[in-house]
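The sequence shown begins at 611 in our numbering and counts up one residue at a time. All C-beta atoms, glycine included, are put in the ideal place defined by N, C-alpha and C. Working notes, beginning with the structure itself.
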Amino acid sequence: MDELYEATHTYQYSVRAGVEATARLDRWYVSAPMVDWVAAVETRRTGTSADHRAVRLHLRSPVDPVRVRKPAKVYPPPTNAADAARERTLLLLQDFAAGLDDDPPDARKWARDWDLFKLAVRRETLAIIKRRRKTDRNSYKQRIRRLVKQDARLRERAAGVVDSVESITDALEVLTLTDGRGGTPLQRVRNAITDCTMGRASAQQRRLFRAGGHSSKKTTKAMFRRVSTKYSDNEIHRLDSAIGHSARGVHDKADTLADAWTPIFQQPASTSEERAAVLPWLGNHGQYTDLLADMTEPFTSAEVAAAVGASKPGKACGPDRLGNDWYRDFGDQLIPILTKLYNC
Numbered sequence: 611m612d613e614l615y616e617a618t619h620t621y622q623y624s625v626r627a628g629v630e631a632t633a634r635l636d637r638w639y640v641s642a643p644m645v646d647w648v649a650a651v652e653t654r655r656t657g658t659s660a661d662h663r664a665v666r667l668h669l670r671s672p673v674d675p676v677r678v679r680k681p682a683k684v685y686p687p688p689t690n691a692a693d694a695a696r697e698r699t700l701l702l703l704q705d706f707a708a709g710l711d712d713d714p715p716d717a718r719k720w721a722r723d724w725d726l727f728k729l730a731v732r733r734e735t736l737a738i739i740k741r742r743r744k745t746d747r748n749s750y751k752q753r754i755r756r757l758v759k760q761d762a763r764l765r766e767r768a769a770g771v772v773d774s775v776e777s778i779t780d781a782l783e784v785l786t787l788t789d790g791r792g793g794t795p796l797q798r799v800r801n802a803i804t805d806c807t808m809g810r811a812s813a814q815q816r817r818l819f820r821a822g823g824h825s826s827k828k829t830t831k832a833m834f835r836r837v838s839t840k841y842s843d844n845e846i847h848r849l850d851s852a853i854g855h856s857a858r859g860v861h862d863k864a865d866t867l868a869d870a871w872t873p874i875f876q877q878p879a880s881t882s883e884e885r886a887a888v889l890p891w892l893g894n895h896g897q898y899t900d901l902l903a904d905m906t907e908p909f910t911s912a913e914v915a916a917a918v919g920a921s922k923p924g925k926a927c928g929p930d931r932l933g934n935d936w937y938r939d940f941g942d943q944l945i946p947i948l949t950k951l952y953n954c
């Protein structure tokens, strides 16, 4: 089986009398009605000793799908960029706090500056993550990619392909692999691929255990993420036209949604009699004066700190893509800034 895998990795079979066909051992077959459902096919090496690769199919309804992209969170950054992102964020926070001290209080201007500041933090953090990913050459994914390329070069040499600069370079890199894990260079590469794959799977398993662990101060998002379609299935497979509207084209889904929401957002205006009937539901005039008296007092740093500390990790209170973890981790710098902004 190993020799067959190295040579062709195929086998022959008879379709009908006089008709022969071949198939790869790592190919996945689906029935004819399901072919249109296959959006992508991914093969990868497993950490176990097997004569075939693992195959993963991405199945999606072919009936008019629309994907609604959810922007990824910016914070927390990957481990290789965490220190650099933190240092840069601290500098930006210091500059922003100094600007608030120099400028006179202006609620409209400070609100706009605060939004622009968060955009700058997001832009700087993403740039740092991108640079670190380009310079990092020791991740599991990059090591496996290099080893797979070496494996392909060695198999080309075994098949009699003329050596190139890339194949010679890969052959020299194979010599640096640990001895005793296979006699031939090809065996050493295969063993190294297996070790990297198992190491990556173990790291992924540890990460899932950490993310899946629940506490009273944590949301259930991570626990349900792997089983709930709320966090993974964000595709609209089909949109039917609203009642009273003609069917629109495939690329007019935004208009189809607008047709359905129009009678909700554009209802007839309320009359004075209707408003007069609803307002007494709020109670007598001045009933909540004592309860709302504290709202006129300025916010204190202790109140802001309590609000930041009560925010749920892993969640977000706004669309800035930074999340509550960013506010909690930089609370010492953010609490004085937020106190000034709230009291402006």
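Collapsing the DSSP output to three states places Leu-667 in a strand. Here Thr-735 is buried: its Cβ has 16 or more other Cβ atoms, across all protein chains shown, within 10 Å.
Secondary structure of Glu-883 (DSSP, three-state): helix. Check the Cα spacing between Leu-951 and each of Lys-719, Arg-747, Ala-642 and His-824: the tightest is with Lys-719. A Cβ-Cβ contact shorter than 8 Å links Pro-686 with Asp-935.
Within its own chain, the residues whose Cβ lies closer than 8 Å to the Cβ of Ala-649, once the five positions on either side in sequence are excluded, are His-668, Leu-669 and Arg-670, listed in chain order. With a cut-off of 8 Å on Cβ pairs, the segment 936-949 is in contact with the segment 907-916, counting three or more such pairs. For Thr-872, the enclosing alpha helix (DSSP H) starts and ends at 863-875. In this structure, Thr-866 sits near Ser-851, with a CB-CB distance shorter than 8 Å. When the alpha-carbon of Val-640 is set against those of Val-665, Glu-884, Ala-627 and Val-914, the nearest one is in Val-665. Between Ala-912 and Gly-941, the C-beta gap is not smaller than 8 Å, which leaves the two residues out of contact.
By alpha-carbon distance to Ala-917, the top candidate from Tyr-937, Leu-892, Asn-894 and Thr-653 is Tyr-937. Residue environment: Thr-653 is assigned as exposed (fewer than 16 neighbouring CB atoms within 10 Å of its CB, all protein chains considered). Per DSSP, Val-651 lies in no alpha helix (DSSP H); the unbroken beta strand (DSSP E) holding it starts and ends at 648-654. One alpha carbon belongs to Val-651, the other to Arg-765, and they sit about 24 Å apart. Boundaries of the alpha helix (DSSP H) around Arg-741: 717-745. Taken atom to atom, the span from the alpha-carbon of Gln-876 to that of Ala-870 is near 11 Å.
With a threshold of 16 other beta carbon atoms within 10 Å, Lys-728 meets it and is buried. In this structure, Leu-944 sits away from Val-731, with a CB-CB distance that is not shorter than 8 Å.
DSSP, read as helix, strand or coil, puts Glu-907 in coil. The beta-bridge partner set that DSSP reports for Arg-626 consists of Val-629. Inter-segment contact for the segment 739-748 and the segment 688-696 is present: three or more beta-carbon pairs are separated by less than 8 Å. In this structure, the beta-carbon distance from Lys-831 to Gly-924 falls below 8 Å. The beta carbons of Val-860 and Ile-803 sit about 43 Å from each other, so the pair does not count as a contact at 8 Å.
With distances taken between CA atoms, Arg-733 lies nearest to Leu-702 out of Leu-796, Lys-863, Asp-939 and Leu-702. Judged by their CB atoms, Thr-829 and Lys-922 are nearer to each other than the 8 Å cut-off. In the DSSP annotation of this structure, the continuous segment of the alpha helix (DSSP H) that includes Phe-706 starts and ends at 689-712.
The alpha carbon of Leu-796 has as its nearest neighbour, out of Gly-896, Phe-819, Asp-805 and Arg-763, the alpha carbon of Arg-763. Boundaries of the alpha helix (DSSP H) harbouring Phe-819: 795-822, taken from the DSSP string. The Cβ atoms of Cys-806 and Arg-753 lie closer than 8 Å to each other. The C-beta separation of Arg-698 from Ile-738 comes to about 6 Å, placing the pair in contact by the 8 Å criterion.
Between Asp-939 and the set Ser-812, Ala-920, Gln-897 and Leu-849, the nearest pair of CA atoms involves Ala-920.
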